[in-house]
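Below you'll find the structure, written out as structure tokens, and then a few comments.
There are 2 protein chains.
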Amino acid sequence: MSTYCITMQYDGSRYNGWQKQGNTPNTIQEKLETVLSRIYNAPVEAAGSGRTDAGVHALGQTASFHISSGQNQYSCQELLQLLNQYLPLDIRILQIEPKEDRFHARLHAVGKIYEYRIDNGAYADVFLRRYAAHIPDTLDIDAMRRAAAHLIGTHDFKSFCANRRMKKSTVRTIEAIDFQQEGTLLTIRFSGDGFLYHMVRLLTGTLIEVGRHQRKADDISSILDAKDYSQVTFTAPAEGLFLVSVRY
Amino acid sequence: MSTYCITMQYDGSRYNGWQKQGNTPNTIQEKLETVLSRIYNAPVEAAGSGRTDAGVHALGQTASFHISSGQNQYSCQELLQLLNQYLPLDIRILQIEPKEDRFHARLHAVGKIYEYRIDNGAYADVFLRRYAAHIPDTLDIDAMRRAAAHLIGTHDFKSFCANRRMKKSTVRTIEAIDFQQEGTLLTIRFSGDGFLYHMVRLLTGTLIEVGRHQRKADDISSILDAKDYSQVTFTAPAEGLFLVSVRY
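Now the structure itself:
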């Protein structure tokens, strides 16, 4: 058996997210598995590092898969070229690495970086309309930074988890939240050991509310303490979110 | 009569260029005139600073139009909001200024800046696929700079004009050609007093050939001297070209 980890970029605009689910057509996982199965002439299943929602983009999503010994053996370079030849232009494979057979892209991930991009201009920039959320309101970035400081560290993020039936631990560690402004584009970069369902969009939505003075920066602590999803009201839109990289 | 100059941004991907021409549907001029005519409830004609080809983008195209005294008079701010309300999301009005009645966006333009963006990565970046030309070849940027130096100044650019029946002067002045590299994205910025039909794409195509060592940097002088369009063989693709700004 051979095991590989691929690193890929995708424009999520026209997809129903990463994960194949029942009859939902047009997912990125489905596109990847279809092309892999065609290349190997046998069914191949790919495990992503995690799901991305419909409309969410990736600069460095990872996925692992196994090829049994009886199948064609391609070099990583050959496989990279074949995948990019057959995949649509809005999905690109950046790298393929051989891994130990027990490697799994989700189970072995130890950290992730996400970026959320906000177009803060008066009118939505035409080149950002699919790649940033348009928030024309005046944002108090200093208040957003103070609010973000309350999120750094290890906390129970149950209030920021949209899966209400989550049975596993909702404790996560956020290592850093960095703000970058370039013209009217505001980018918030979240680094952590892992993120819950909708967590980055819920965190960003709450930071935007702080930026608009709809909430105070210090409210973050009480929202965390409440461990109650109903405390969080604004899920920032999918098109602003990018999965930047996965750490192993 | 009132006369206005608008500055606009557009994503040219799905349009047949700026100019309304006979039965060609889906041009940016047509979209703008349709919305203006609806706002004023009377036909309005808009004069662009120049044509952009199908697929070419604008960060700062300008257009002028006249409104007769009998029509509704909106303030620039009202007009800006109305236009952005009715125009599709891939066309945005950035600014509207009142002008003297003899003002004409094309006839009074004294300079323009264009940018050509090249995605020089091994595989086409998914986020640049509509906004840069993918040229995966190794490019000798130093040779391209040396070639560009021959283009600076006042020359007869007939060899770089795709309109073979051009009756007016083909003499133009290029003030600067600047190269900027950011990761795998190479941007070439052309500033000049005006550009002929396809001129920026023909200049860029030739610079790319120099970068690939298909031509020598010093060949540029003989191409200019030939005043012969058949000397130029590569028109760089439309999707990499942006009209950045128009100077008055």
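Protein chains in written order, with numbering that gives the first Met the number 0: chain A, 0 to 247; chain B, 0 to 247. Glycine included, each C-beta is placed from N, C-alpha and C at the ideal position.
| Item | Value |
| --- | --- |
| Spatial neighbours of aspartate 177/A in its chain, beta-carbon cut-off 6 Å, leaving aside the 5 residues before and after | Arg188 |
| Neighbouring residues, chain B, relative to alanine 132/A (Cβ below 8 Å) | Chain B residues near alanine 132/A: none, gap ~14 Å exceeds 8 Å. |
| Three-way DSSP call (helix, strand, coil) for serine 190/B in this model | strand |
| Those residues which DSSP pairs with lysine 98/B across a bridge | Thr2/B |
| Nearest-angstrom beta carbon gap, tyrosine 115/A and valine 209/A [assumed within contact, 8 Å] | 14 Å between Cβ atoms; not a contact. |
| For glycine 152/A, the nearest candidate out of Gly191/A, Lys111/A, Ile27/A (CA to CA) | Gly191/A |
| Proximity test, Cβ basis, 7 Å: leucine 31/B and chain A | no |
| Span separating the alpha-carbon of glutamine 251/A from that of leucine 88/A | This structure leaves residue 251/A out entirely; chain A is present only between 0 and 247. |
| Contact set between glutamine 72/B and chain A, taken where Cβ atoms lie within less than 9 Å | Those within 9 Å of glutamine 72/B in chain A number zero; the least Cβ separation is about 23 Å. |
| Three-state secondary structure assigned by DSSP to valine 34/B | helix |
| Proximity test, Cβ basis, 7 Å: tyrosine 122/A and chain B | yes |
| Extent of the continuous alpha helix (DSSP H) to which threonine 203/B belongs | 198-210 |
| Any chain A beta carbon closer than 7 Å to arginine 91/B | yes |
| Contact check, alanine 146/B vs leucine 206/B, beta carbons under 7 Å | yes |
| Beta carbon of aspartate 118/B nearer than 7 Å to that of histidine 133/B | yes |
| Boundaries (first-last residue) of the beta strand (DSSP E) holding leucine 242/B | 240-246 |
| Leucine 150/A beta carbon less than 7 Å from that of isoleucine 173/A | yes |
| Per-residue DSSP class, three states only, for lysine 111/B | strand |
| Glycine 120/B (DSSP reduced to helix, strand or coil) | coil |
| Contact residues within the stretch 1-21 of chain B, judged by C-beta distance below 7 Å to chain A | Gln8, Tyr9, Asp10 |
| Bounding residues of the alpha helix (DSSP H) (the contiguous stretch that carries aspartate 224/B) | 218-225 |
| First through last residue of the alpha helix (DSSP H) which encompasses isoleucine 140/B | 140-148 |
| Neighbour list for asparagine 83/A in chain B, Cβ cutoff strictly below 7 Å | Tyr122 |
| Contact belief for valine 55/A with serine 158/A at Cβ below 8 Å, rounded distance in angstroms | That pair is no contact at about 21 Å. |
| Contact under 7 Å by Cβ, tyrosine 196/B with histidine 107/B | no |
| Contact with chain A by leucine 88/B, beta-carbon distance below 7 Å | yes |
| CB contact check: valine 125/A to chain B, cutoff 7 Å | yes |
| Member of Tyr14/B, Gly193/B, Thr33/B, Gln72/B whose CA lies at the smallest distance from the CA of tyrosine 3/B | Gln72/B |
| Span of the beta strand (DSSP E) around glutamate 44/B | First-last for glutamate 44/B: undefined, no H or E at that position. |
| Arginine 291/A, buried or exposed, once every other Cβ within 10 Å from all chains shown has been counted against 16 | Outside the modelled stretch of chain A, which goes from 0 to 247, sits residue 291/A, for which no answer is possible. |
| Under 7 Å from the C-beta of arginine 188/B: neighbouring residues of chain A | Within chain A, no residue comes near arginine 188/B; the closest Cβ sits about 17 Å away, beyond 7 Å. |
| Cβ-based burial, aspartate 141/A [other Cβ within 10 Å; buried from 16] | exposed |
| Interface flag, arginine 200/B vs chain A, CB-CB below 7 Å | no |
| Span separating the alpha-carbon of methionine 0/B from that of isoleucine 95/B | 16 Å |
| Glycine 16/B burial status per 10 Å Cβ neighbour count (16 or more: buried) | buried |
| Where alanine 175/B falls, given that 16 or more other Cβ within 10 Å makes a residue buried | exposed |
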